[in-house]
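Undergrad: One line per chain: the protein sequences are A and B, in this order.
Numbering-wise, the first sequence is residues 0 to 276 according to numbering that gives the first Met the number 0.
Numbering-wise, the second sequence is residues 0 to 341 according to numbering that gives the first Met the number 0.
Starting off with a structure, shown below.
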Amino acid sequence: MNNINDTLIPKIGVITDVRIDTPDIKTFRVVTPDGKKAFDHKPGQCAMLSVPGVGEAMFSITSSPTNEEFMEFSIKKCGCVTDWLHQAEPGQQITIRGPYGKPFPVDDVFAGKDLLFIAGGVGLAPLRSVINYCRHYRDRYGKIDIVYGSRSKDDLLDYKEIIEEWATDDGVNVHLTIDNPQEGWDGHVGFVPTYVKELGFDTNKVAVLCGPPIMIKFTLDGLCEIGFDKTNVYTTLELRMKCGVGKCGRCNVGAKYVCKDGPVFRCDELEELPSEY
Amino acid sequence: MRKCSLEKINLLFKEIAKNAELYLPQDQTDGSAAYKKWEEGSVWSNALNTVRSPKDFFFPQTEDLMAFKTEGKNIEVIDTRKALDDFVIFGVRACDVKSFDILDRVFLSEPVDSFYALRRSHGVIISLACSKPSETCFCKTFGINPAEPTGDISAWKTETDIFFESNTQKGKELLEKLSALTEECDDTAVVDQKAKIDAIMQKLPLKDLKTDAFGGGKTGELFNAPEWDELSEACLGCGTCTFVCPTCQCYDIKDFNTGNGVIRFRCWDSCMYSDFTKMAHGNNRLTQKERFRQRFMHKLVYYPENNDGLFSCVGCGRCLVKCPISMNIVKVMKKIGGKKGE
Ligand SMILES: Cc1cc2nc3c(=O)[nH]c(=O)nc-3n(C[C@H](O)[C@H](O)[C@H](O)COP(=O)(O)OP(=O)(O)OC[C@H]3O[C@@H](n4cnc5c(N)ncnc54)[C@H](O)[C@@H]3O)c2cc1C
Ligand code: SF4
Ligand code: SF4
Ligand code: FES
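See below:
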């Protein structure tokens, strides 16, 4: 029976590097046993990782598709699978299947536009893939603004890459913020939604929001207040998932399956759905 | 059309069972009927339908998906799928045959579910017209005719004979193998039988149930209907309705440690359960009202929206019979559908 593929049957992945990002987030580099990328993906898509005997869970592929060597996942410790992964060491094998979901429209809608990326906490994980994709094809996009906030300086994901690579790029502006004042932090202090309003962006750009539901809600309201149209704002949803392909019946919001029709949604489309997410 | 005298029915079953496993409804000691494998001496049940639907044949309550062997840091994925032999399911009612179409649209759409597809390709379905539809039947509401069941072969039973007509190549081949036990006949008796069934249908209490208030695109109108509160109030969240339902398809994937390796299996799950959508940062369906609403909105609005208007209920009536608090899709349709539901 080995000749019939089934999306539920995963491939083997090897963890080749583990980076400690924050007290509860680590970033894992994954390749196949022969050292390749497990599959191609587009920015915003996800993969199911599993530890046999422990379980399976869905994660955003945080590395850019333009990275041809490996995939990366930034994983927050919060349960069985994630706890187990957090104690894994390089060389550990896991399983991987995907890619799942509809990506960000980077090659059509985003092309030629100024882009505003707004993330909170581990919400940077899906955005990092898009940001690095757009930085790779820099001439296809206009100005890029990145607003990123976390509880504290120590909770900022990908801090080194943000400071050393993103912030030094031409035409890329990075705006970091943390919730409360902290010794050794001379940057902005305050919540993301308020910071976005203070920064007051011009509204003829595409905005992409990722983070906890409450942050998304207030930031979206803020963007609308300063004149953004919901048709230019994208976000991602996160619901419980099992199959990843619209069959196990778990992740629907109204008639849409987040695993298959999302996780990327345009905010005006999201508004059409029942508020059950 | 071919017929076989009911006196010879066991010979017919024996002939079918020579080449393929044969399953048919048989009476259980508790008085209910269930699909069981035919063996010499098995008795075909007279019951109108089985308690469990025949979805088990294609989407079993639990099934192994794969196995893993782990050694140190290494993992091996073992494909546990096995080749299957053909099997025959005899006596499937029109509503249940239709449920296979509804499941097909889920499991056979891209990416195809190979586990389901394999079972489906090996199953031969002999359907059976309902001589006595019951007061909990409302298949007609969904355009299903109990006198004209589909499947690979359709069958009609009268007092004395059973009549067969094949609908597919698979069905034709099977009927040919049974030619020594059947004889060619005209359809007079079947036409008569269909008229009798129609007459019963005219008298059923649920004959006027309508779907007009439902269908794709109705989410905005129905999602916040105040009636959901009252309808869901007594629901126990037991999931019985989803387990007996031939079209409910939600599943869970779990790992089982055998001590010697890991088996990953899937099993039926229920949107009526409180942990179905539970996540680390919360649950998007916090109360039973939301879970209850999900089940019925899925069947009457979301599924049709994604499947050319086809509803995900076949009116089999199982949930009407089995719900411990007597809540069911008919009450939902009448209440939410208002006047349009009658
Ligand atoms: C599309 C998508 C993308 C995601 N991307 C990332 C990512 O990039 N990084 C990251 O760290 N996490 C991500 N998640 C969340 C991640 O899937 C969950 O944190 C993970 O499933 C928890 O698994 P666990 O086995 O460790 O927890 P479990 O032991 O299963 O559960 C611990 C708690 O988490 C709950 N839980 C189960 N599934 C989920 C879920 N899907 N989301 C949230 N809580 C859940 C359980 O109900 C329980 O309350 C994503 C989820 C989705 C749906
Ligand atoms: S919802 Fe009830 S009547 Fe409809 S198919 Fe399911 S069990 Fe049968
Ligand atoms: S509707 Fe009835 S059968 Fe279904 S979960 Fe509620 S109590 Fe159980
Ligand atoms: S995860 Fe199974 S339907 Fe979306």
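C-beta atoms are modelled at their ideal positions from N, C-alpha and C, and glycine is treated no differently.
None of the values given here were measured: they were computed from a predicted structure.
1. Taking three-plus beta-carbon pairs below 8 Å as touching, is the stretch 273-289 of chain B in contact with the stretch 312-324 of chain B?
2. Roughly how many angstroms separate the alpha carbons of M47 (chain A) and G12 (chain A), rounded to a whole number?
3. Under a CB-based cut-off of 9 Å, is N1 (chain A) close to chain B?
4. Check whether chain A comes within 9 Å of Y250 (chain B), counting only Cβ atoms and requiring the distance to be less than that.
5. Quick one, which of A:I8, A:A124 and A:P192 has its alpha-carbon nearest F285 (chain A)'s?
6. Considering only heavy atoms of ligand 3 and the C-beta of each residue, which residues fall inside 6 Å, strictly closer?
7. Which term fits D20 (chain A), buried or exposed, when burial requires 16 or more other beta carbons within 10 angstroms of its beta carbon?
8. Compute the beta-carbon to beta-carbon distance between A66 (chain B) and V50 (chain B), rounded to the nearest angstrom, for a pair I have assumed lies under 8 Å.
9. For the putative contact between V80 (chain A) and V50 (chain A), defined by C-beta atoms under 8 Å, what is the C-beta separation to the nearest angstrom?
10. Rank B:T135, B:F310 and B:K209 by C-alpha distance to the C-alpha of K333 (chain B) and give the top, closest one.
11. Any heavy atom of ligand 6 within a distance shorter than 8 Å of the CB on R119 (chain B)?
12. From F275 (chain B) to T94 (chain A), what does the alpha carbon distance come to, in whole angstroms?
13. Whose Cβ in chain B lies nearer than 7 Å to the Cβ of N251 (chain A)?
14. Do the CB positions of P104 (chain A) and Q44 (chain A) come within less than 9 Å of each other?
15. Here's a check: name, in chain order, each residue in its chain whose Cβ is nearer than 7 Å to the Cβ of K112 (chain A), leaving out the five neighbours to either side.
16. Give the interface partners of V244 (chain A) over in chain B, defined as CB-CB distance under 7 Å, in chain order.
17. Is V257 (chain A) near ligand 4 - that is, is its Cβ less than 8 Å away from at least one heavy atom of it?
18. Quick check: is any heavy atom of ligand 1 less than 8 Å from the C-beta of T81 (chain A)?
19. Could you list the residues in the stretch 320-335 of chain B with a C-beta less than 8 Å from some C-beta on chain A, going in chain order?
20. Could you spell out the range, first to last residue, of the beta strand (DSSP E) harbouring N172 (chain A)?
21. List, in chain order, every chain B residue whose beta-carbon is nearer than 8 Å to that of V53 (chain A).
22. Tell me the DSSP bridge mates of D16 (chain A)?
23. Tell me whether G214 (chain B) sits in a helix, a strand or coil according to DSSP, three-state version.
24. Go ahead and label K171 (chain B) buried or exposed: buried means 16 or more other beta carbons lie within 10 angstroms of its beta carbon, across all protein chains shown.
25. List, in chain order, every chain D residue whose beta-carbon is nearer than 9 Å to that of C247 (chain A).
TA: Taking the definition as stated:
1. no
2. 11 Å
3. At N1 (chain A) the pLDDT is 47, less than 50, meaning the model places this residue with poor confidence; the figure from the coordinates comes in the next sentence. Cβ-Cβ to chain B under 9 Å: yes for N1 (chain A).
4. yes
5. Nothing about residue 285 (chain A) can be reported from this structure: the residues present for chain A run from 0 to 276 only.
6. Cβ-based neighbours of ligand 3 within the cut-off: B:C234, B:L235, B:G236, B:C237, B:G238, B:T239, B:C240, B:M271, B:C322, B:P323, B:I324 and B:M326.
7. buried
8. Contact doesn't hold; Cβ gap of about 32 Å is too wide.
9. 6 Å
10. B:K209
11. Ligand 6 is not part of the structure shown, which contains ligand 1, ligand 2, ligand 3 and ligand 4 as its ligands.
12. 24 Å
13. Y301
14. no
15. Y140, G141, K204 and V205
16. P110
17. yes
18. yes
19. none
20. V171 to I177
21. D254
22. Partner(s): A:R28.
23. coil
24. exposed
25. Considering every chain present, this structure includes no chain D. Its protein chains are A and B.
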